[in-house]
Amino acid sequence: MDRTYNQFCATARTLDIVGERWTLLILRDLLTGPKRFSDFQNSLRGLGTGLLAARLKHLEHEGLIRKITLPPPARTPAYALTEAGDELGPAILELAKWGMKWAMGERREGEAFHGGWAVLGLRAYFDPSAAEDVRAIYEFRISGEVFHAIVENGTIETIVGPAQRPDAVLEIDDEVLIDIAAGRTTFGQAVREHRAQASGAPQAILALVSMFRAPQPQSRRQPGQA
């Protein structure tokens, strides 16, 4: 029998569905596009094959994900979000924003990191007010992973894979991204210090620097608290 909080409450009902360990991280990975079983195994180190299969089966049963076949040339089985699963995206991004401010700190020994997770970081950092008049396509190359972002009048769409005709291209490695996540630098500082390479239309690059604002990390503990 599935575990339940046994409460007639929207928050409790939601946690009944997505509150188990690893579940939200599976949904996080699917926010950047369909994933094969092997993709989850590569991204979610520490999640055993049996438990992964059980979590995917649960999410499919609950109507948050569905099985698909990737288009040619892959033609392999994969998983994608349903409409209900996709609508959890803003909640997951809000958790990410909270975590950047209150939970990240320094990278711990043994912690995995994938440059592709920056796709969601871009959406979490995005400042719509700074992009009201921007229409541009950006390609990001991060330690061998490529994705692009379409910015149009205060909105952003992030897609795994290269852009056809990007207005600007940003190349950055994992270590710089980790420094950004820890609050030690920003996209703009990394470009100015030549730790990240930006090429393309100068106006698009200038807009890129101002559109993404990471929150300043804060301590959860009160002054004097051990």
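FYI, UniProt numbering numbers position 194 of the sequence shown as 194, with every residue one higher than the one before it.
Don't be surprised by glycine CBs; every beta carbon is placed ideally from N, CA and C.
Shortest Cα-Cα distance from residue 158 to any of 95, 97, 49 and 123 involves 123. In the DSSP assignment, residue 148 falls within the beta strand (DSSP E) that extends over 145 to 152. Using a Cβ distance threshold of 8 angstroms, residue 77 and residue 36 count as a contacting pair. Around the beta carbon of residue 115, a 10 Å sphere encloses 16 or more other beta carbons of the protein chains shown; the residue is thus reported as buried. Residue 5 counts as exposed, since fewer than 16 other beta carbons sit within 10 angstroms of its beta carbon. Per DSSP, the beta bridge partners of residue 200 are 168. Along the region 45 to 115, the alpha helix (DSSP H) occurs as fully enclosed runs of 4 or more residues at 49 to 61, 83 to 86 and 89 to 102, listed in sequence order. With contacts defined as CB atoms closer than 8 angstroms, residue 178 and residue 186 fail to qualify as a contacting pair.
The three-state reading of DSSP puts residue 155 in strand, counting E and B together.
The C-beta distance from residue 65 to residue 56 rounds to 7 angstroms, short enough to fall under 8 angstroms. By the C-beta density criterion, residue 53 is exposed, having fewer than 16 other C-beta atoms within 10 angstroms.
In this structure, the beta-carbon distance from residue 215 to residue 97 falls below 8 angstroms. Rounded to whole angstroms, the separation of the alpha carbons of residue 120 and residue 113 is 13 angstroms. Nearest in C-alpha terms to residue 47, of all of 26, 170, 14 and 219, is 26. Straight through space, the alpha carbons of residue 167 and residue 136 are spaced by roughly 6 angstroms.
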